[in-house]
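Student: Here the sequence shown is numbered in our numbering, starting from 2 and rising by one per residue. Idealized CB from N, CA, C, for every residue including glycine.
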Amino acid sequence: MAEEFDVVVVGAGSAGAVIAARLSEDPSVRVALVEAGGPPPPEEMMPAAVASLQLNPETDWAYTGDAGGCGRGLAEGRMMVPRGRMLGGSSGINYMAYVRGHPGDFDAWAAGGAKGWAYDDVLPYFKKSEGFQPSDDIVVDPDVHGYDGPLGVSVRQPVIPAAAQFVEAAKASGIPTGDYNGRDRLRPEGVASLFQTTTRDGRRSSTFRAFLEPVMDRRENLVVIPHALVQRVLLEDSDDGLVATGVEYRTTDGAVETVTATREVVLSAGAIGSPQLLLLSGVGPADELAQVGIACRLDLPDVGKHLKDHLHAPMFFEAPGIGLNMTEVAISLGPDALRAPAGPLPADPADDVGLPPDLAGLKAEAERRLDEWVTTGRSLVSSSLYDAALWYSTGLGDEHTHDAQIGFLVCGYTPDLWRSVFRVDPDTYFDDPAKRLALDAEVVVVLPNPVQPHSEGEIRLASADAGEPPAIFLNYFADPHDARVMVSVMRRALDLVANWPVPGMGPLLVPPKLAESHGHASGDVPSDELLEDLARHYALTVYHATSTCRMGSVVDSELRVRGVERLRVADASVMPDVTSGNTNAPTIMIGEKAAELIATAHGMTLAETVGAAPSPSP
Numbered sequence: 002m003a004e005e006f007d008v009v010v011v012g013a014g015s016a017g018a019v020i021a022a023r024l025s026e027d028p029s030v031r032v033a034l035v036e037a038g039g040p041p042p043p044e045e046m047m048p049a050a051v052a053s054l055q056l057n058p059e060t061d062w063a064y065t066g067d068a069g070g071c072g073r074g075l076a077e078g079r080m081m082v083p084r085g086r087m088l089g090g091s092s093g094i095n096y097m098a099y100v101r102g103h104p105g106d107f108d109a110w111a112a113g114g115a116k117g118w119a120y121d122d123v124l125p126y127f128k129k130s131e132g133f134q135p136s137d138d139i140v141v142d143p144d145v146h147g148y149d150g151p152l153g154v155s156v157r158q159p160v161i162p163a164a165a166q167f168v169e170a171a172k173a174s175g176i177p178t179g180d181y182n183g184r185d186r187l188r189p190e191g192v193a194s195l196f197q198t199t200t201r202d203g204r205r206s207s208t209f210r211a212f213l214e215p216v217m218d219r220r221e222n223l224v225v226i227p228h229a230l231v232q233r234v235l236l237e238d239s240d241d242g243l244v245a246t247g248v249e250y251r252t253t254d255g256a257v258e259t260v261t262a263t264r265e266v267v268l269s270a271g272a273i274g275s276p277q278l279l280l281l282s283g284v285g286p287a288d289e290l291a292q293v294g295i296a297c298r299l300d301l302p303d304v305g306k307h308l309k310d311h312l313h314a315p316m317f318f319e320a321p322g323i324g325l326n327m328t329e330v331a332i333s334l335g336p337d338a339l340r341a342p343a344g345p346l347p348a349d350p351a352d353d354v355g356l357p358p359d360l361a362g363l364k365a366e367a368e369r370r371l372d373e374w375v376t377t378g379r380s381l382v383s384s385s386l387y388d389a390a391l392w393y394s395t396g397l398g399d400e401h402t403h404d405a406q407i408g409f410l411v412c413g414y415t416p417d418l419w420r421s422v423f424r425v426d427p428d429t430y431f432d433d434p435a436k437r438l439a440l441d442a443e444v445v446v447v448l449p450n451p452v453q454p455h456s457e458g459e460i461r462l463a464s465a466d467a468g469e470p471p472a473i474f475l476n477y478f479a480d481p482h483d484a485r486v487m488v489s490v491m492r493r494a495l496d497l498v499a500n501w502p503v504p505g506m507g508p509l510l511v512p513p514k515l516a517e518s519h520g521h522a523s524g525d526v527p528s529d530e531l532l533e534d535l536a537r538h539y540a541l542t543v544y545h546a547t548s549t550c551r552m553g554s555v556v557d558s559e560l561r562v563r564g565v566e567r568l569r570v571a572d573a574s575v576m577p578d579v580t581s582g583n584t585n586a587p588t589i590m591i592g593e594k595a596a597e598l599i600a601t602a603h604g605m606t607l608a609e610t611v612g613a614a615p616s617p618s619p
């Protein structure tokens with residue numbers, strides 16, 4: 002017999018973990034949190050180990066998607082689409098940039114019909130989550146931050162000099178320093194800063210670590226069901242239409258189980274997973290459901306449509322005396338990162354006995370650095386190495402917000418990471434990959450990133466089997482506007498590098514075949530055509546999929562699925578449009594607001610309520 006709960010939440014990620022933790026603050030409310038993955042591994046806590054979590058089947062769904070108008074230089078022409086598969090979801094696999102977005106993003110949502118989602122409406126939810134740790138290394142607008150919330154937000158320590166130089170270069174090129182999560186984001190000329198990151202004392206603060214882990218073992222009314230692949234939402238017919246009554250899931254041994262919800266089912270499976278689950282449940286475009294043999298329970302044409310994502314085009318520069326080399330990173334990760342076959346230490350720690358003095362010293366230094374991170378949180382590995390950014394308006398449209406972001410990576414990574422994680426063959430991208438990506442090479446990567454794309458993709462079912470990946474059509478550059486903005490932001494990135502405050506930055510490294518086809522020699526000013534070609538070959542996702550169950554089309558402004566009672570979606574998929582920046586912070590905000598919407602609708606008691614009361618459920 003199915004176990005009964007008041008609320009069933011599907012997906013323990015950036016929003017779902019927040020919703021389950023908040024609703025279970027009321028001891029009279031029974032909450033089930035169903036997650037396909039399990040607890041995160043220890044390395045999830047170390048910010049600089051982030052790349053090791055991608056393509057790991059224990060932590061990443063490891064999807065790929067049709068790249069549309071780009072991806073020409075990627076393996077099989079397909080874009081990676083990593084999604085967190087563990088407690089904490091993508092907040093445990095992301096690069097930890099805490100970026101709320103421009104106030105105009107949310108005001109535009111509200112103006113488009115998303116009542117209750119204007120900036121003034123959502124700011125209290127950002128503050129509710131945030132446990133901000135002030136830093137003298139950034140400019141802070143103190144009134145808009147929260148200081149007592151569970152989500153750690155801080156600036157990496159110590160600051161890497163190259164990241165501070167990026168901020169100085171931005172200032173020299175006309176973009177002032179400020180708090181991009183505060184009033185300075187309203188500046189028309191833009192704002193630059195070291196990143197505020199979802200870390201506390203040098204450790205990742207995922208929604209699992211911040212919201213779930215502290216309470217899941219001591220609240221009897223909160224039941225976490227890991228390693229459970231949800232196959233469909235259980236829907237029943239009523240006089241008023243469809244009603245969600247629970248979910249069906251598959252365990253790791255293949256058994257099929259159900260849990261029922263007397264009040265609400267909440268889908269928080271992300272911008273890929275939530276539309277997939279609606280489609281698997283027979284809610285979506287009737288013609289597409291018929292193609293995979295699923296009976297349509299509700300013809301809702303916009304499910305899976307309107308996918309928005311951010312792209313950045315890596316611009317690689319040799320930077321002797323500026324960039325961070327990978328040997329320093331590897332040593333700081335600890336002795337295990339230095340072991341064979343990739344490193345100089347023996348594969349088996351038992352063989353460390355009798356190491357020659359140079360290797361014994363290397364191991365001791367690696368142990369010292371690892372211990373420093375464990376005991377103080379201060380270390381090279383206390384961030385993802387994606388350490389600074391700026392935002393501004395290109396003047397090409399989208400006047401309500403900043404349409405451009407430029408990020409900064411203080412190192413160049415390794416050939417294996419380029420080949421596996423980024424799907425780029427370094428032998429094709431670089432003239433001399435052994436030199437450009439040598440362990441002692443000092444390089445940086447500047448990441449121009451248009452953040453208001455006009456192109457839309459979609460999610461479709463490839464199969465009626467929940468265990469099969471959905472078909473992901475990213476459709477980048479379908480709208481010519483996006484390529485124009487990309488070239489403009491790449492040009493601004495070159496200006497930034499030209500204003501670097503210390504000597505050492507080399508010219509843009511252009512892949513040899515592209516340089517040849519455009520008649521480009523090293524040190525030449527690249528043409529617009531070359532920059533666009535570079536983006537169409539090698540631009541990469543910034544992992545910011547949104548809007549596939551957007552408000553106004555699939556859900557209403559209180560996140561209720563249109564045409565289905567007792568069913569909501571609460572994650573990045575409900576955004577009416579993508580925010581102008583990294584999307585994890587607004588997704589957590591959506592979880593906070595969703596918890597209050599649900600609690601208010603059903604008379605549940607939360608520890609703190611910060612928003613205005615919504616209209617009652619019908």
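Asn450 bridges to which residues according to DSSP?
Tutor: Here the question's residue 450 lines up with position 449 in the sequence shown. In the DSSP output, where bridge partners are listed per residue, Asn450 has Gln406.
Student: Would you kindly work out how many angstroms separate the C-alpha atoms of Asp241 and Val304, rounded to a whole number?
Tutor: On the sequence shown, position 240 is the one that residue 241 refers to. On the sequence shown, position 303 is the one that residue 304 refers to. If I take the Cα positions, the gap works out to 21 Å.
Student: Work out the CA separation of Pro83 and Cys550 for me, nearest whole Å.
Tutor: Within the sequence shown, residue 550 is the residue found at index 549, counting from 1. Within the sequence shown, residue 83 is the residue found at index 82, counting from 1. So the two alpha carbons sit approximately 19 Å from each other.
Student: Quick check: what's the CA-CA separation for Thr199 versus Pro502?
Tutor: Sequence index remark: in the sequence shown, residue 199 carries index 198 (1-based). Sequence index remark: in the sequence shown, residue 502 carries index 501 (1-based). About 28 Å.
Student: According to DSSP, simplified to helix, strand and coil, what is Lys309?
Tutor: Here residue 309 refers to the residue found at position 308 of the sequence shown. Note: Lys309 maps to strand in three-state DSSP.
Student: With distances taken Cα to Cα, identify the nearest neighbour of Ser130 among Ala467, Thr588, Asp67 and Ala540.
Tutor: The count along the sequence shown starts at 1 and reaches residue 130 at position 129. The option with the nearest alpha carbon to Ser130 is Thr588.
Student: Please name the residue, chosen from Leu462, Pro336 and Glu249, that lies closest to Val260 on a Cα-to-Cα basis.
Tutor: Position 259 of the sequence shown, counted from the start, is the residue given in the question as residue 260. When each option's Cα is compared against that of Val260, the closest is Glu249.
Student: Pairs of beta-carbons, one from the region 551–562 and one from the region 529–537, closer than 8 Å: are there three or more?
Tutor: No contact exists between the region 551–562 and the region 529–537.
Student: I need the straight-line Cα distance from Gly14 to Ala522, nearest angstrom please.
Tutor: Position 13 of the sequence shown, counted from the start, is the residue given in the question as residue 14. Position 521 of the sequence shown, counted from the start, is the residue given in the question as residue 522. Going by the C-alpha atoms only, they are around 46 Å apart.
Student: Report the rounded CA-to-CA distance for Val562 versus Pro302, giving the unit in angstroms.
Tutor: One-based indexing of the sequence shown puts residue 562 at position 561. One-based indexing of the sequence shown puts residue 302 at position 301. C-alpha separation (whole angstroms): 13 Å.
Student: Looking at Val11 and Ala270, is the spacing between their C-beta atoms short of 8 Å?
Tutor: Start at 1 with the first residue of the sequence shown, and residue 270 comes out as number 269. Start at 1 with the first residue of the sequence shown, and residue 11 comes out as number 10. Contact flag set, yes.
Student: Can you tell which of Val35, Tyr126, Glu368 and Gly582 has the C-alpha that lies nearest to the C-alpha of Ala389?
Tutor: As a position in the sequence shown, residue 389 is number 388, starting the count at 1. Nearest of Val35, Tyr126, Glu368 and Gly582 to Ala389, Cα basis: Gly582.
Student: Leaving out five residues on either side along the sequence, give the residues of the same chain with a beta carbon under 7 Å from the beta carbon of Pro321.
Tutor: As a position in the sequence shown, residue 321 is number 320, starting the count at 1. These residues qualify, in order along the chain: Glu443 and Gly505.
Student: In the DSSP assignment, what residue or residues form a beta bridge with Leu85?
Tutor: The count along the sequence shown starts at 1 and reaches residue 85 at position 84. In the sequence under discussion, the amino acid at residue 85 is Gly, which differs from the Leu named in the question. Paired residue(s): Asp61.
Student: Please report the distance separating the alpha-carbon of Arg369 from that of Ala49.
Tutor: Residue 369 sits at position 368 when you count from the first residue of the sequence shown. Residue 49 sits at position 48 when you count from the first residue of the sequence shown. For Arg369 and Ala49, the distance between alpha carbons rounds to 17 Å.
Student: Under the DSSP definition of a beta bridge, which residues are partnered with Glu459?
Tutor: In the sequence shown, the residue the question calls residue 459 occupies position 458. In the DSSP output, where bridge partners are listed per residue, Glu459 has Phe474.
Student: What residues in its chain sit with their C-beta under 6 Å from that of Asn95, if we drop five residues either side in the sequence?
Tutor: On the sequence shown, residue 95 is found 94 positions in, with the first residue counted as 1. Excluding residues within five positions, the ones whose Cβ falls inside 6 Å are Asn585.
Student: Determine the extent of the beta strand (DSSP E) in which Thr261 is found, giving its start and end residues.
Tutor: Here the question's residue 261 lines up with position 260 in the sequence shown. Residues Val257 to Leu268.
Student: Looking only at its chain, what residues have a beta carbon closer than 6 Å to the beta carbon of Glu4, apart from the 5 residues adjacent to it on each side?
Tutor: The count along the sequence shown starts at 1 and reaches residue 4 at position 3. Hits under 6 Å: Val260.
Student: Quick one: Cα of His603 to Cα of Phe431, how far?
Tutor: In the sequence shown, counting from the first residue as 1, residue 603 sits at position 602. In the sequence shown, counting from the first residue as 1, residue 431 sits at position 430. Going by the C-alpha atoms only, they are around 59 Å apart.
Student: Out of curiosity, what's the CA-to-CA distance linking Leu280 and Gly255?
Tutor: As a first step, residue 280 must be located in the sequence shown, where it is residue number 279. As a first step, residue 255 must be located in the sequence shown, where it is residue number 254. C-alpha separation (whole angstroms): 21 Å.
Student: Which residue comes first and which comes last in the beta strand (DSSP E) that contains Phe423?
Tutor: For the purposes of this step, residue 423 is taken as the residue at position 422 of the sequence shown. No beta strand (DSSP E) holds Phe423; DSSP gives it neither H nor E.
Student: Extract the residue ranges of the beta strand (DSSP E) inside the region 225–258, only unbroken runs of 3 or more that lie entirely within it.
Tutor: Listed in chain order, the complete beta strand (DSSP E) runs (minimum 3 residues) inside the region 225–258 are 230–239 and 242–251.
Student: So what's Thr198 in DSSP terms, helix, strand or just coil?
Tutor: What you label residue 198 is simply residue 197 of the sequence shown in a count that begins at 1. Residue state, collapsed to three classes: strand.
Student: Any idea which residues DSSP pairs Met316 with across the strands?
Tutor: The residue you call residue 316 lines up with position 315 of the sequence shown. Note: Met316 sits in a beta bridge opposite Val447.
Student: Measure the alpha-carbon distance for Ala484 versus Phe478 and round it to whole angstroms.
Tutor: For this step, residue 484 is matched to residue 483 along the sequence shown. For this step, residue 478 is matched to residue 477 along the sequence shown. Straight-line Cα distance between these residues: approximately 6 Å.
Student: Look up Val8 in the DSSP assignment and say whether it is helix, strand or coil.
Tutor: Taking the sequence shown and counting its residues from 1, one reaches residue 8 at position 7. If DSSP states are grouped into helix, strand and coil, Val8 belongs with the strands.
Student: Determine the direct distance from the alpha carbon of Arg567 to that of Gly283, and round the result to whole angstroms.
Tutor: Mapped onto the sequence shown, residue 283 falls at position 282. Mapped onto the sequence shown, residue 567 falls at position 566. Each residue's alpha carbon lies about 16 Å from the other.
Student: With a cut-off of 8 Å on the beta carbons, I'd call Leu75 and Arg437 a contact; round off their distance for me.
Tutor: For the purposes of this step, residue 75 is taken as residue 74 along the sequence shown, with counting starting at 1. For the purposes of this step, residue 437 is taken as residue 436 along the sequence shown, with counting starting at 1. In fact, because the Cβ distance is near 18 Å, the residues do not count as touching under 8 Å.
Student: Kindly indicate the opening and closing residues of the beta strand (DSSP E) around Ala390.
Tutor: For the purposes of this step, residue 390 is identified with residue 389 of the sequence shown, where counting begins at 1. Note, Ala390: beta strand (DSSP E), Tyr387 to Tyr393.
Student: With a CB to CB cut of under 6 Å and the five nearest residues on each side skipped, what residues in its chain are close to His228?
Tutor: By one-based count along the sequence shown, residue 228 stands at place 227. Closer than 6 Å at Cβ, skipping near neighbours: Gly39 and Thr253.
Student: Please classify Gly398 as buried or exposed, where buried requires at least 16 neighbouring CB atoms within 10 angstroms.
Tutor: Mapped onto the sequence shown, residue 398 falls at position 397. Its Cβ having fewer than 16 others within 10 Å, Gly398 is exposed.
Student: Do His313 and Ala540 have their C-beta atoms within less than 8 Å of each other?
Tutor: In the sequence shown, residue 313 corresponds to position 312, counting from 1. In the sequence shown, residue 540 corresponds to position 539, counting from 1. Yes, these two residues count as a Cβ contact at 8 Å.
Student: Please report the Cβ distance between Val1 and Val498, rounded to the nearest whole angstrom; I am assuming they are in contact, meaning their Cβ atoms lie under 8 Å.
Tutor: What is shown of the chain runs 2 to 619, which leaves residue 1 out entirely.
Student: Mapping DSSP to helix, strand and coil, what is Phe133?
Tutor: As a working mapping, residue 133 is identified with position 132 in the sequence shown. Strand.
Student: Write down the C-beta distance between His307 and Glu457 rounded to the nearest angstrom, noting that I regard them as a contact closer than 8 Å.
Tutor: Against the sequence shown, residue 307 aligns to sequence position 306. Against the sequence shown, residue 457 aligns to sequence position 456. Indeed, because the Cβ distance is near 5 Å, the residues count as touching under 8 Å.
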